[in-house]
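Q: Take this structure, written in structure tokens, and hold onto it; I'll ask about it next.
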Amino acid sequence: MKTKSGEKEKLRERIIDQSIKVIKKKGILGASVDTIMNSLGLTSGALYSHFSGKDELLALSMEKQIDFLTEYVGGLIASDKKDGLKNWVKYYLSEDHVKDVTNGCIFAALLSEVSRSPLRIKTGFHAGLNKFYSAMEKGLPDDYKDKRKKVHTIFSSMIGSLSVARTMKSGTDRAEFLSNNLASVLRMLS
652 MKTKSGEKEK
662 LRERIIDQSI
672 KVIKKKGILG
682 ASVDTIMNSL
692 GLTSGALYSH
702 FSGKDELLAL
712 SMEKQIDFLT
722 EYVGGLIASD
732 KKDGLKNWVK
742 YYLSEDHVKD
752 VTNGCIFAAL
762 LSEVSRSPLR
772 IKTGFHAGLN
782 KFYSAMEKGL
792 PDDYKDKRKK
802 VHTIFSSMIG
812 SLSVARTMKS
822 GTDRAEFLSN
832 NLASVLRMLS
């Protein structure tokens, strides 16, 4: 069945958007072509009329998600230079973010798997991370000498804290863990 070019492009975007949700939830290895396409009510063969294969779909999905996150955080910082980054950090290290893996941070969701992924995935992920670091740097005080090193430390702490919190059972221990790590990151931003 033929589809109009506009419809084909819309379907391509739906596949990209859905794949990132599946990837965040199941991981790169667990997100098979069948799983991604079945979640949209499509056959696996339909993927190949839009992409060269799973690696291209993963790369495009991650790029789109990283661009969205970078623009979102950049927008928060641009609208509130003093507290934009701090407000995002407060959300990042919150119980809501811990629970929402599917809509949460792509970096935390996929970091450990990217190291075992094909070069195209690694390269795109690293390029996106550098773009994201640049956005975060704009939220740091102007008098910081080496903003990139500071961002490396801050974001590594955030990702590690979120990842560990996601392994913990909901309750007092996890809440205290998040609170302590949030306070530590906020001190680094001061």
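Sequential numbering from 652 applies to the sequence shown in our numbering.
Note that CB positions come from ideal geometry on N, CA and C, so glycine has one too.
Since the structure is predicted, the reported quantities are computational estimates derived from the model, not experimental observations.
If we require 3 or more residues per run, which beta strand (DSSP E) segments fall completely within the segment 747 to 813?
A: Within the segment 747 to 813, no complete beta strand (DSSP E) run reaches 3 residues.
Q: Just how far apart, CA to CA, sit Gly775 and Ser830?
A: Rounded to the nearest angstrom, the two C-alpha atoms are 32 Å apart.
Q: For Ile772 versus Ala710, is the C-beta spacing smaller than 9 Å?
A: Yes; because the gap between Cβ atoms is below 9 Å, this pair is in contact.
Q: For Phe758 and Asn781, what's the separation of their Cα atoms in angstroms?
A: Rounded to whole angstroms, Phe758 to Asn781 spans 12 Å at the Cα level.
Q: Are the segment 707 to 724 and the segment 663 to 680 touching by the rule of at least three beta carbon pairs closer than 8 Å?
A: Contact holds: three or more Cβ-Cβ distances are below 8 Å.
Q: Can you name, in chain order, every residue of its own chain whose Cβ lies under 6 Å from the Cβ of Ser695, other than the five neighbours on each side?
A: Counting only Cβ-Cβ distances below 6 Å, and skipping sequence neighbours, we find Val684, Asp685, Met688.
Q: Put Thr694 into one of helix, strand or coil per three-state DSSP.
A: Coil.
Q: Assuming Lys798 contacts Leu791 under a Cβ cut-off of 8 Å, what Cβ separation, rounded to an integer in Å, is found between them?
A: At roughly 5 Å, the Cβ-Cβ gap stays under 8 Å, so Lys798 and Leu791 are in contact.
Q: Alpha helix (DSSP H) containing Gly704: first to last residue?
A: It is not in any alpha helix (DSSP H) - Gly704 carries neither H nor E in the DSSP assignment.
Q: Taking only the alpha-carbon atoms, compute the straight-line gap between Lys676 and Lys655 and give it to the nearest angstrom.
A: Their Cα atoms are separated by approximately 32 Å.
Q: If I follow the unbroken alpha helix (DSSP H) through Ala834, where does it start and stop?
A: Taken as a continuous stretch (DSSP letters only), the alpha helix (DSSP H) holding Ala834 covers 823 to 840.
Q: Start and end of the alpha helix (DSSP H) containing Asp685?
A: That run of the alpha helix (DSSP H) goes 684 to 689.
Q: Less than 8 Å between C-beta atoms, sequence neighbours within five positions excluded: which residues of the same chain meet that for Arg825?
A: Taken in chain order, the residues that qualify are Glu746, Val749, Ala816, Met819.
Q: For Gly755, which residues in the same chain have their Cβ closer than 6 Å to its Cβ, ignoring the five residues on either side in sequence?
A: So the list reads His748, once near-sequence residues are dropped.
Q: Check Glu658 in the structure and name its three-state DSSP category.
A: Helix.
Q: Of the choices Gly811, Leu727, Tyr743, Phe719, whose alpha-carbon is the least far from that of Leu762?
A: Closest option to Leu762, Cα to Cα, is Gly811.
Q: Would you please state the rounded distance, in angstroms, between the beta carbons of Phe783 and Leu720? I believe it to be under 8 Å.
A: Yes, they are in contact, since the Cβ atoms of Phe783 and Leu720 sit about 7 Å apart, within 8 Å.
Q: CB Tyr743 to CB Met839, shorter than 9 Å?
A: No; because the gap between Cβ atoms is not below 9 Å, this pair is not in contact.
Q: Under 9 Å, do Gly678 and Glu764 count as touching if we go by C-beta distance?
A: Contact: yes.
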